[in-house]
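Quick notes on the structure that follows.
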Amino acid sequence: MIADSPLDFIFRELFYRLPAYAGASDVYLKMEGFSVSGSIKVKTAMGLVEDLERRGAARPGRTTIVESSSGNLGIALSIVCGIKGYRFVCVTDPDTTGANILGMRAYGAEVIVVDRRDENGGYLGTRFARIREILAADPDAVWLDQSANPANKAVHARETAEEILAAFPAPDWLFLATGTTGTFVGCAETMRLRSPRTRIVAVEPEGSVTFEGSKAARRNIPGIGSSRRPGLVRPELADAVLHIDEASTVRTCRDFVRHHHLLIGGSTGSVLAGVRRMSHRFRPGETIVAISPDLGDKYLDSVYDDAWVAERIGPVEPPRDEAAS
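Remember, this note's numbering sits 24 above the position in the sequence shown when you count from 1.
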């Protein structure tokens with residue numbers, strides 16, 4: 025393979041088979057973290073920016089693209105905007121890892137960190153308020169607004185879902201982490217049309233308010249969940265919604281690297297904790313697919329740092345014997 029652009033480095037059909045990961049069932053983990061930017065968000069970034077271009081709403085060298093991100097989309101947009109010639113401003117918060125902030129700045133983004141919590145205990149409302157200030161001050165600034173932008177779900181409907189179906193034409197189960205819900209809604213809409221018997225499980229952290237009935241609370245692991253209900257969300261597309269506590273996420277991440285020899289990110293840890301929670305419902309021979317949005321290198325100073333975990337989350341059981349889990 026000879027690439028002409030970093031954006032050519034998207035590995036679309038890479039799955040890590042985990043034998044007997046959930047009881048007697050194998051799990052196929054769709055690995056998005058090996059693509060450029062290190063996460064599934066490179067697809068989102070390309071879809072959002074190319075949508076602006078199709079609509080004539082962005083001009084290279086003049087337009088400032090603005091977005092709220094805890095890191096993965098911010099890094100992806102930093103790359104995409106740099107290649108396409110747009111100034112990019114990312115508004116984020118103190119829960120974003122240092123590696124993500126440094127990565128965005130290295131790629132040329134301007135990073136603004138807000139530190140005041142909103143009424144739901146998170147930072148999303150404060151981030152959005154800062155973005156509105158930027159838009160008011162700069163007539164050439166455009167807000168992508170990933171949590172309400174249909175281009176977010178559209179790119180995953182035509183790409184991520186189709187990539188899964190190319191490998192597994194009729195998966196029995198699909199597990200996805202939810203944040204903006206672009207990946208969840210896009211994949212679920214395609215599955216309902218192409219593989220309607222696939223059971224779709226949305227996974228989010230305790231304290232997220234994406235789905236009705238959830239109570240807002242402080243969350244520490246970035247990249248999953250939301251302190252405001254995303255405009256894109258379609259709850260009826262989920263056959264089940266799981267709320268995973270952060271201690272389980274940390275334990276799953278650490279178990280995984282011990283037994284499967286790969287650092288995974290917090291969202292992936294939550295998804296796999298959800299897979300294990302639902303394992304009693306799997307029947308022999310079923311195909312279980314789970315999306316891994318990113319890898320764990322960006323979480324070394326959080327999920328994998330004992331001091332950070334002790335301060336933010338509290339006691340977490342040590343990695344377990346895989347055979348006993």
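By construction, the Cβ of each residue, glycine as well, lies at the ideal position given by its N, Cα and C atoms. Owing to the predicted nature of the structure, the values given are computational and were not obtained by experimental measurement.
Beta-carbon within less than 6 Å of residue i's beta-carbon, same chain only, minus the 5 sequence neighbours each way: which residues are those?
i    : result
Y45  : V51
F235 : P259, V265
T120 : S94, G95, P246
D75  : A175
R151 : S92, V115, V138
R336 : N244
Are the CB atoms of residue j and residue i within a distance shorter than 8 Å?
i    : j    : result
T116 : S102 : no
A82  : V90  : no
A178 : G71  : yes
G146 : S251 : yes
E183 : E37  : no
G320 : I288 : yes
G206 : Q170 : yes
L189 : R154 : no
M215 : A185 : yes
Can you tell me which of the three DSSP states residue i falls into?
i    : result
L76  : helix
E335 : helix
L287 : coil
R258 : coil
V274 : helix
A165 : strand
L148 : helix
S59  : coil
K54  : strand
P427 : No information on residue 427 is available, as it lies outside the stretch 25 to 349 that the chain covers here.
Find the nearest neighbour of residue i within the set the options, judged by alpha-carbon distance.
i    : options                : result
N173 : G249, A69, I99         : A69
E270 : Y40, L261, V227        : V227
V209 : G132, A262, N124, T150 : A262
I312 : M128, L42, M25         : L42
T204 : A314, S232, G338       : S232
V274 : A130, H283, A160, S291 : S291
F39  : Y328, A331, D318, R336 : D318
R282 : Y328, G249, F306, K322 : Y328
R223 : P195, R278, A241       : P195
E56  : G47, S49, S272, K67    : K67
N124 : S326, P339, E341       : S326
Quick one: what's got a C-beta closer than 7 Å to residue i's C-beta in the same chain, skipping five residues either side?
i    : result
K351 : Residue 351 falls outside the range modelled here, since the chain spans only 25 to 349, and no answer is possible.
K108 : V73, P84
G106 : Y131, G132
At a cut-off of 7 Å, would you count residue i as near the ligand ADP, judging by its Cβ distance to the nearest heavy atom?
i    : result
G249 : This structure lacks the ligand ADP; in fact it carries no ligand of any kind.
Inspect the CB distances between the segment 58 to 67 and the segment 25 to 37 and report whether three or more fall short of 8 Å. Touching, per the Cβ criterion.
Pairs of beta-carbons, one from the segment 181 to 200 and one from the segment 289 to 302, closer than 8 Å: are there three or more? yes
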